[in-house]
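So the sequence shown is numbered by this note's numbering: it starts at 1 and just counts up by one.
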Amino acid sequence: MISTSGDGNDRSRRTLALAGYRATQRAVHDSILDPARDRVHDWHQKRLESTARTFVVTLISCVYCTGWWVSGALLLTYLLTTGQWHQAPLLVHGIEWLAVAGAAVLLNRWDDSRKDGA
1 MISTSGDGND RSRRTLALAG YRATQRAVHD SILDPARDRV HDWHQKRLES
51 TARTFVVTLI SCVYCTGWWV SGALLLTYLL TTGQWHQAPL LVHGIEWLAV
101 AGAAVLLNRW DDSRKDGA
């Protein structure tokens, strides 16, 4: 469990939030993944009425949607690799997931506000 006490755990939470923010930016906005996103959009255009295809396009286009799943994957990886998965109830890990995703979204909002002001 990511404890609320101690510098190491605070650093872990900050690192997970930063990693969630950066990974979400990479998936949604960065040009390095433009070819993959273009292929998904082309795939969707072949069957616009497909609910599943629309869902996938929405997922990869939405900072909040992508950020939620990216943060969850990062948190799960962290908890499993550090041996902390079994140290807390699932509900606690769910709250940690909300915290990591929320912090990443706040970073995204802050970053967007800086771009708007420039």
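Cβ coordinates follow ideal geometry from the N, Cα and C atoms, glycine included.
| Check | Outcome |
| --- | --- |
| Where L48 falls: helix, strand or coil (DSSP) | coil |
| T116 (DSSP reduced to helix, strand or coil) | The sequence shown places Asp at residue 116, rather than the Thr named in the question. D116: helix per DSSP, three-state reduction. |
| Nearest to G67 (by Cα), restricted to the options R11, G83, R22 | R22 |
| Residues of its chain near V57, where Cβ-Cβ distance is below 7 Å and the 5 sequence neighbours each way are ignored | V40, H41, H44 |
| Beta-carbon gap between V92 and G20 smaller than 8 Å | no |
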